[in-house]
Amino acid sequence: MKRSKSLLVTLAVVPALMLAACGGDDAENNGGAENNGGAENNGGADNNAEMDNDADEADNADDADDANNDGGNAAADEDAPEAPEELTMWVNDEEAQLDAYEEIAQGFEEEHGIEVNITPYSMLEQTEGMSLDGPAGQGPDLFFQPHDRLGDIHLQGLAAELELTEDQQDRLSEYNEEAVTSFSYDGIQYGIPAVVETYALFHNTDLVEEAPETMDELMDVARDLTDGDQYGFLMEATNFYFTYPFLTAEGGYVFAQDDDGVYDPEDIGLNTDGAVAGAETIQSWFEEDLMPTGIDGDIMNGLFTDGDVGMVVTGPWAIPEYEEALGDSLAVSTLPEQDGEPLSSFAGNKGWLVNYYTENEYWATELALYLTNAENSETYFEVAGELPAHTTVEIDDEFMGPIFDQTEFAEPMPNIPEMSQVWDPIGEAMEFISQGDDPQEVLDEAVEQIREQIAISQQ
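Quick note, the sequence shown lines up with residues -20 to -1, 1 to 439 if you use mature numbering (1 follows the signal peptide of the UniProt record, and there is no 0).
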């Protein structure tokens, strides 16, 4: 693996891309972890087979399962094509992520004899670069993207449909099922998830000793603590990303999905009885003066770090600031249950896509599975601090562990292009609802606006 070589490639490619590329900053996470679940036994299966192929057949089968959990051995695929001399991957240009993947890629090189070239490249600018370099045959074999960009990537024809072997499918079954589905489009798998991200309940143990297990308990604590400039519970209650659990807890939804996870953009469920009930619940928080109107992330964070809020809903990006301010008084838990069911937060996943134009689809897929297997997901978390999509990794961290637990109940943001037309209308609707407007009327108007904007975008 040669990063120095890759940097030279970057210097040659980026000036041309700078003329056309535009993109935003990506939010990065933090944390630490441990586990591998028998990862180091990968080589043992081969050694045992050489020593006694017949007598230890059952043991070898177990070892093979362990190998599969760790990304497996490509040699298990009898029809694997000849290995290329090298593979190239675009890694988001954050130092910790680069360091992690440099370390991980070395193992792939040693196992398969394929040189891995790493090119630092801003994640949010990669699709622009792919649209230029891919058709010209100069793009990478793998590139790294958020799952909710998959619809646009599909429409541009930048990612290859993954033709997974049975062995590869077996390995992928160890990953978060929702995260895997989030990298499919129209029922076709396009990517291998690497990272999962969601939010959870943070609390100040000086004010709230134990996290409430239900929303009823949470609201009781909020009412007891809220007094003047002190609040029991705050969240960005007009931001759809954070209000999603409450709008969907009683049956609301964004777009309907079939059994294969395919979205129907014509079936919008954000003004159903369930969604309206959730909006009424949020409205009641403002009516009871449990939350100030105009609440946003800056206000919430300032009050929480000043010790004036018992509980907030936010994500892992807030941990450094909160820990610095509250020290040992900071605690994190999964979201409370409502009506006996876990609240489903929104999830944002990131993963590896195979370049549509690569001639190395099989081996690029193997590399993606290797980068994200249990052992390497643990390494990536320890170095880069992002939660893995591989479910067998244990996150032994007091803050990130509960957020990882919440990902079990998280639902990915829809990855179809129509989703981009949802955010503003629903955000504006929640603003009006927080100010006392009728939730049913406001959500009806918002859904009609979404439909109109979708129709315009498709002209």
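Every residue gets a Cβ at the ideal spot worked out from N, C-alpha and C, and that includes glycine.
The structure displayed is predicted, hence computed values, not measured ones.
Taking buried to mean at least 16 other C-beta atoms within 10 Å of its own C-beta, is residue i buried or exposed?
i, result
"D121", "buried"
"I436", "exposed"
"I248", "buried"
"G290", "buried"
"P61", "exposed"
"D207", "exposed"
"E268", "exposed"
"G274", "exposed"
"Q415", "exposed"
"S264", "exposed"
"Q136", "exposed"
"G258", "buried"
"A228", "The amino acid occupying residue 228 in the given sequence is Thr; Ala does not appear at that position. Classification for T228: buried."
"W70", "buried"
"E246", "exposed"
"S357", "buried"
"A115", "The identity of residue 115 in the sequence shown is Pro, whereas the question assumes Ala. Exposed, because fewer than 16 other Cβ atoms sit within 10 Å of the Cβ of P115."
"T68", "buried"
"G307", "exposed"
Starting from residue i, follow the beta strand (DSSP E) in both directions and report where the run begins and ends.
i, result
"V96", "95 to 100"
"Y211", "211 to 214"
"M69", "66 to 71"
"I172", "171 to 177"
"G328", "326 to 334"
"L122", "122 to 126"
"V427", "Not the beta strand (DSSP E): V427 falls in the alpha helix (DSSP H), residues 419 to 437."
"I182", "The amino acid at residue 182 is misidentified as Ile; the sequence shows Phe. Counting along the chain, the beta strand (DSSP E) containing F182 begins and ends at 180 to 184."
"A311", "310 to 313"
Can you give the Cα-Cα distance for residue i and residue j, rounded to whole angstroms?
i, j, result
"L401", "F284", "Contrary to the premise, residue 401 reads as Gln rather than Leu in this sequence. Roughly 32 angstroms between the two C-alpha positions."
"D276", "V293", "12 angstroms"
"T359", "A174", "12 angstroms"
"M271", "T223", "14 angstroms"
"Y302", "G287", "10 angstroms"
"E197", "E89", "53 angstroms"
"L205", "H183", "13 angstroms"
"G320", "I262", "19 angstroms"
"Q438", "T99", "35 angstroms"
"E428", "E260", "19 angstroms"
"P300", "A236", "37 angstroms"
"E74", "S102", "8 angstroms"
"E91", "I84", "11 angstroms"
"P64", "E346", "12 angstroms"
"G407", "N395", "18 angstroms"
"T161", "D209", "44 angstroms"
"G117", "H370", "31 angstroms"
"Y337", "G282", "48 angstroms"
"V373", "Q86", "21 angstroms"
"A80", "D424", "47 angstroms"
"A44", "D278", "Interpretation of A44 is limited by its pLDDT of 42, a score under 50 that renders its predicted location unreliable; the figure taken from the coordinates is listed afterwards. Rounded to whole angstroms, A44 to D278 spans 50 angstroms at the Cα level."
"A409", "A426", "6 angstroms"
"F226", "L323", "7 angstroms"
"E391", "A327", "5 angstroms"
"M393", "D128", "6 angstroms"
"G212", "D200", "9 angstroms"
"F379", "Y179", "11 angstroms"
"E108", "Q318", "42 angstroms"
"E143", "Y170", "9 angstroms"
"Y233", "L130", "20 angstroms"
"I430", "N251", "11 angstroms"
"G132", "A139", "Here residue 132 is Asp; the residue named in the question, Gly, does not match the sequence. Going from the Cα of D132 to the Cα of A139 covers about 10 angstroms."
"P405", "E154", "37 angstroms"
"P397", "E432", "14 angstroms"
From what residue to what residue does the alpha helix (DSSP H) around residue i run?
i, result
"E197", "195 to 205"
"residue 498", "Residue 498 falls outside the range modelled here, since the chain spans only -20 to 439, and no answer is possible."
"A369", "Element bounds for A369: n/a, residue is neither H nor E."
"F222", "220 to 228"
"T345", "341 to 351"
"G232", "Per DSSP, G232 belongs to no alpha helix (DSSP H) and is neither H nor E."
"S414", "403 to 414"
"D385", "380 to 386"
"Y81", "75 to 92"
"D113", "106 to 113"
Discussion item. Check whether the segment 411 to 425 and the segment 184 to 192 are in contact - that is, three or more C-beta pairs closer than 8 angstroms.
Written reply: no
Practice prompt. Tell me the start and end of each unbroken beta strand (DSSP E) in the segment 234 to 264 that is at least 3 residues and wholly inside, in chain order.
Written response: 243 to 249
Practice prompt. Identify every run of the beta strand (DSSP E) within the segment 266 to 306, keeping only runs that are complete inside it and at least 3 residues long; order them along the chain.
Written response: 289 to 294
Practice prompt. Assess, as a yes-or-no matter, whether the segment 91 to 100 is touched by the segment 357 to 377 under the definition of 3 or more beta carbon pairs within less than 8 angstroms.
Written response: no
Worksheet entry | Validate contact between the segment 159 to 172 and the segment 239 to 246 using beta carbons, cut 8 angstroms, 3 pairs | yes
Worksheet item: Okay, do the segment 118 to 132 and the segment 332 to 345 touch, 3+ Cβ pairs below 8 angstroms being the bar?
Response: yes
Practice prompt. Please confirm if the segment 135 to 148 is in contact with the segment 307 to 314, defined as three or more CB-CB distances below 8 angstroms between the two stretches.
Written response: no
Worksheet item: Where in the segment 115 to 159 do unbroken runs of the beta strand (DSSP E), each at least 3 residues long, occur, reported from the N-terminal end onward?
Response: 122 to 126
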